[in-house]
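Just below is one structure, and these are the notes that go with it.
Numbering (my numbering), first residue to last: 6 to 204.
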């Protein structure tokens, strides 16, 4: 599972970056806070008592525990996680990978990210189809919350100084905010936290 908290909240971007992924629910990452760092992108930092809201996706591609995955390193480069590593700049040091525990509010059913993005683009409404959470209230489309361990998160320990968002990033973040609210992340979270950084 992968926890998105920045521009990958945008379903269209997530579907393009990780075509094998499925949306599984919204989540809260405790004891971290959200920021725009000096590179101009979203980051999270440890902060007791704070929390970061986001969306959780099951990544597609090869299962690293499978025999075929270990037999074919070149095939693994096409997995969603490898695609995310590239887009997040893991090899350049822009972000590092961490495994964190989140409180997951699971969707009643997982849905391919590509399908959710297409429906959002077409209709602007995921709640009617039972996919989204309905603007932060759950709308009956969520299961009971549970702690999910070892969820993949990209963060930077190197670039932690506050910064201003890059111009191109503002539009992508705003797309992500719109989609995340539709999927059930409380709008108040974005108003109180993200809008401090992203107009």
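Yeah, the Cβ is synthetic: ideal placement off N, Cα and C, and Gly gets one too.
By alpha-carbon positions, which one of the options ends up nearest to residue i?
| i | options | result |
| --- | --- | --- |
| residue 111 | 152, 191, 93, 53 | 152 |
| residue 39 | 94, 9, 25 | 9 |
| residue 26 | 66, 15, 184 | 66 |
| residue 86 | 159, 168, 188 | 159 |
| residue 117 | 88, 64, 202 | 64 |
May I have the straight-line CA-CA distance separating residue i from residue j, to the nearest angstrom?
| i | j | result |
| --- | --- | --- |
| residue 42 | residue 174 | 12 Å |
| residue 28 | residue 119 | 9 Å |
| residue 161 | residue 17 | 24 Å |
| residue 7 | residue 31 | 11 Å |
| residue 109 | residue 23 | 20 Å |
| residue 127 | residue 200 | 27 Å |
| residue 93 | residue 186 | 23 Å |
| residue 192 | residue 178 | 14 Å |
| residue 34 | residue 124 | 27 Å |
Given the structure, does residue i come close to the ligand MG, in the sense that its CB is under 8 Å from one of the ligand's heavy atoms?
| i | result |
| --- | --- |
| residue 147 | The ligand MG is absent from the structure shown, which contains no ligands of any kind. |
Could you check whether residue j and residue i sit closer than 9 Å to each other, using their CB atoms as the reference points?
| i | j | result |
| --- | --- | --- |
| residue 20 | residue 121 | yes |
| residue 14 | residue 165 | no |
Take the Cβ of residue i as the centre, count every other Cβ of all protein chains shown within 10 Å, and call the residue buried at 16 or more, exposed below.
| i | result |
| --- | --- |
| residue 197 | exposed |
| residue 36 | exposed |
| residue 148 | exposed |
| residue 172 | exposed |
| Sufficient close CB pairs (3 or more, under 8 Å) joining the region 57 to 64 to the region 97 to 104 | no
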